[in-house]
DNA sequence: CCACTTTTCCAAAGCGCTTTGGGTAACGCA
DNA sequence: TGCGTTACCCAAAGCGCTTTGGAAAAGTGG
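What follows is the structure, encoded as structure tokens:
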């Protein structure tokens, strides 16, 4: 069933039927009713491609997911992010198109997305320091919003970000208030903007108390479970091991916990953990009592808010860039406790 | 830059340019070269929508992700699945379009996808027992393949599935060979086909040794970490607690492990775990030595194979339905050991 | 009742591509 | 030279929709 057929059935012109369906004021309310009823009865819905060809808008939004070709990883927060965004899209009749692409080949993808008219805008994921994609998108004139920010870029652009720096400063302060002085940082890859900001927050807090960061207990890698595990094993074997771990992802935090308990130590008593928690649906931080003391910020909410921001941007290109900085909640769980007076790791090995 | 402009520049007709670009034999090789060079120079790529309107094919594949509205969860295996599928799509010039949809509203989505011509085919995720979507897709004539199978459906359809039944039978046998007789099953939702098959495998193995399944140590829920944790806590508190756990997801297995160690017990000595492992990129089962003894099958490979299957189906609709049954690897990790002679849990509480 | 606005509808152009149905020039063969 | 092929290229129709520029019908005020 297409427009032509439908209008023939109704004895109206295509113009009128089209207008009736799209809510234009030029049709009598009675006619509109008839048209809508007929459309429903014949299960008509307009061909998206023809519609976009005619309007010049695709009603689709692109997500280009960078996949580190070396690691072949898809960020686990992605599922929850698109769940949030998907809600907004379906309510606004947008489609979501995904491209998984190896790091580096992204430029072609963005250009193709623009010239082929596949999407009306894109959401930029995983911004890096000095991310070149922002200038690129500006240049090719494809509307976009960024999930995160890119330090070093002074061009204006819309973004939504967690206040990573203050979050990690608070988390570090929290641990220091408990008496911890030797706090390890297990962070994401340093090329990632968020990791950079988190480290800054961590260093801010240490600096404010006259401490300085020790590279020996700082790591930057893909935030896998095994990274948490092996980094922790390594550090606990140091002559002067950390008494607390500040972790960038709950997934790695699970690895940290595993390492701690493998050593016969107890989390929250012998070694403390604070982690960032993106509220992943399958990895909620405990049911009633949180497992981990955590800085929490829902990535699903971020998906909702950011997609809305992009849709606004698309429907009004004159709109000034929007910014949204989310503060985290610091929830206290059972993974933190006062710093042990005698070093439990040292005591054990002794 | 569009076809018209490009052909004007070249001094050729649109027909010839189009044919040159699409590899038709009616153009001289020299002309083709010129055309291709000009296209590259002017950064031309054809408008997708116009092309699909003309050809009747969209070169896009839909993934409709069911989201249990009650749980609001997006299956974590999804990210890795689409990473695999995305590879194949980009190599074959397909786009991936995603719809996140609440359970139940799926019918409308599939119909819209068909009538609006958004996609050429879809991949069906998370098949349930007697899944109604299969009949629906047949009815509306949208090509599809299924990730998994649907018991109770006798219509022919293409699928790719893990041999869940034999996997869980083997896993159960493995535990029984170690002397375990009281083996808990932490499974996915029973409405899910895979969960049903896994239970069958588990029961097969028990039955073959004259044992019968005890509902008290069998659970079916969304495979979250907290599910693993709380189910394990409950079961370890039983008068006759299980000595081993068979788990459907590595995420829940992490919860099981947490519960075990919270009780002061040791995984692999006091309590054994075997889990299914989908080889999620951020949750690999240990670096060198596997954490868990596991039945492993890469969901990313599944994504690759299944998307290929669908593309074949689309390019040749006459093709008979394809089937692919993947056998799992049983990798032995450090989470299993001989059944303790005296019940450690009982001993501890005594 | 007439001129004039407003409402209601329509025919046709156009979005950017593919593809059908030729047309013309070059080529081969008698 | 003449005629049938082949190789190469083109004009125009059509995919299904929106939208422009009217036209006809229906109100409206004097």
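Protein chains in written order, with this note's numbering: chain A, 39 to 388; chain B, 39 to 388. Even for Gly, the Cβ is constructed at its ideal location relative to N, Cα and C. Treat the numbers as computed from the prediction; the structure is a model and nothing was measured.
Asked: Min CB distance residue 120 (chain A) to chain B below 8 Å; Found: yes
Asked: Status (buried if at least 16 other CB within 10 Å, exposed otherwise) for residue 403 (chain B); Found: For chain B, the structure presents residues 39 to 388; residue 403 (chain B) sits outside this window and is missing.
Asked: Residue 283 (chain B), enclosing beta strand (DSSP E) - first and last residue; Found: 282-285
Asked: Minimum Cβ-Cβ distance from residue 87 (chain A) to chain B less than 8 Å; Found: yes
Asked: Outcome for residue 44 (chain B) when other beta-carbon atoms lying within 10 angstroms are tallied against a minimum of 16; Found: buried
Asked: Buried or exposed (CB count within 10 angstroms, at least 16 for buried), residue 194 (chain B); Found: exposed
Asked: For residue 115 (chain B), three-class secondary structure by DSSP; Found: helix
Asked: Among A:352, A:335, A:143, the one whose alpha carbon lies nearest that of residue 202 (chain A); Found: A:335
Asked: Distance between residue 148 (chain B) and residue 266 (chain A) (C-alpha atoms, nearest Å); Found: 42 Å
Asked: Buried or exposed by the 16-neighbour rule on C-beta atoms within 10 Å, applied to residue 215 (chain B); Found: exposed
Asked: For residue 293 (chain A) and residue 370 (chain B), the rounded distance between their alpha carbons; Found: 19 Å
Asked: For residue 103 (chain A) and residue 163 (chain A), believed in contact at Cβ under 8 Å, the rounded distance; Found: 6 Å
Asked: Whole alpha helix (DSSP H) elements within the segment 208-259 of chain B, 4-residue minimum; Found: 231-246
Asked: Between the CA atoms of residue 53 (chain A) and residue 82 (chain A) - distance to the nearest angstrom; Found: 16 Å
Asked: Against chain A: residues of the segment 313-335 of chain B by CB proximity under 8 Å; Found: 318, 319, 320, 321, 322, 324, 325, 329
Asked: Reference residue 312 (chain A); option with closest CA among A:303, A:300, A:290; Found: A:290
Asked: Members of the segment 128-141 of chain A that neighbour chain B once the beta carbon cut-off is set at 8 Å; Found: 128, 133, 134, 135, 136, 137, 138, 139
Asked: Which of helix, strand or coil DSSP assigns to residue 98 (chain B); Found: strand
Asked: For residue 80 (chain B) and residue 115 (chain B), the rounded distance between their alpha carbons; Found: 41 Å
Asked: Residues within the segment 147-174 of chain A neighbouring chain B, beta-carbon criterion of under 8 Å; Found: 149, 150, 153, 154, 155, 156
Asked: Simplified DSSP state of residue 368 (chain A), which is helix, strand or coil; Found: strand
Asked: Rounded C-alpha distance that separates residue 146 (chain A) from residue 74 (chain A); Found: 42 Å
Asked: C-beta neighbour in chain B for residue 116 (chain A), strict 8 Å; Found: yes
Asked: Residue closest to residue 155 (chain B), alpha-carbon to alpha-carbon, out of B:244, B:92, B:233, B:280; Found: B:92
Asked: Beta-carbon spacing of residue 165 (chain A), residue 186 (chain A) below 8 Å; Found: yes
Asked: Counterpart residues of residue 349 (chain B) in DSSP-defined beta bridges; Found: Answer is none; residue 349 (chain B) lacks a bridge partner.
Asked: Residue nearest to residue 338 (chain B) in terms of C-alpha spacing, selected from B:191, B:126, B:56; Found: B:126
Asked: Residues of the segment 278-303 of chain A whose Cβ lies closer than 7 Å to any Cβ of chain B, in chain order; Found: 289, 292, 299
Asked: The beta strand (DSSP E) enclosing residue 55 (chain B), as first and last residue numbers; Found: That residue, residue 55 (chain B), is in no beta strand (DSSP E); its alpha helix (DSSP H) goes 52-59.
Asked: Of the listed residues A:242, A:342, A:217, nearest to residue 306 (chain A) (C-alpha basis); Found: A:217
Asked: Straight-line Cα distance separating residue 352 (chain B) from residue 57 (chain B); Found: 23 Å
Asked: Span separating the alpha-carbon of residue 301 (chain A) from that of residue 171 (chain B); Found: 50 Å
Asked: Whether residue 269 (chain A) touches residue 224 (chain A) by CB criterion (8 Å); Found: yes
Asked: Where the beta strand (DSSP E) through residue 179 (chain A) begins and ends; Found: Segment: none, residue 179 (chain A) is in no beta strand (DSSP E) and carries neither H nor E.
Asked: Residue burial classification, residue 342 (chain A) (beta-carbon count within 10 angstroms, cutoff 16); Found: buried
Asked: Own chain, CB closer than 7 Å to residue 247 (chain B), minus 5 neighbours either side, in chain order; Found: 214
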